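Numbering (my numbering), first residue to last: 1220 to 1378.
In structure tokens:
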């Protein structure tokens, strides 16, 4: 697997896990706060969209950060997956990546993975946990970076 393919596999893995953390949450989840000073899930989703808008500008050699004002949950989910797809499409195009790949990973991609874990933790804290899964058996496909993902395998398939 090339470095570019590994980045794209990571994006597909992120999409799978983020979709699972976002899918099926009750409407109240979007504004859930663990503490008065903590970010809400909708704020985290907005930030994740910002991260991949930024990642695309980094790859194009014109790094720019913009923090968007969070919209409603469904729009932020769509915006995140849209920005993730735009970045993946750029990687798939073969266009030059005008930045060190390690920095692209350690900045926006690793940050989004962290926030996906936060969403999963917040689901449990909000009383709407996700089911467990053996992620090593998940059907991750390079280029599949949308909200629509293959359903998880049954929980008992951990071998």
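No residue lacks a Cβ here, since even glycine has one placed at the ideal position from N, Cα and C. Fair warning: this is a prediction, and the values are worked out from it, not measured in the lab.
Three or more beta-carbon pairs separated by less than 8 Å are not found between the stretch 1302 to 1319 and the stretch 1247 to 1263, which leaves the two stretches without contact. With respect to the 8 Å criterion, residue 1357 and residue 1240 are not classified as neighbours on the basis of their beta carbons. About 6 Å separates the beta carbon of residue 1231 from that of residue 1360, a gap short enough to meet the 8 Å contact definition. Here residue 1268 is near residue 1295, since their CB atoms are less than 8 Å apart.
DSSP, reduced to helix, strand and coil, places residue 1241 within a helical segment of the structure shown. Around the Cβ of residue 1235, a 10 Å sphere holds 16 or more other Cβ atoms; the residue is buried. Residue 1226 has its alpha-carbon roughly 7 Å from the corresponding atom of residue 1324. Residue state for residue 1294 is assigned as helix, using DSSP reduced to three classes.
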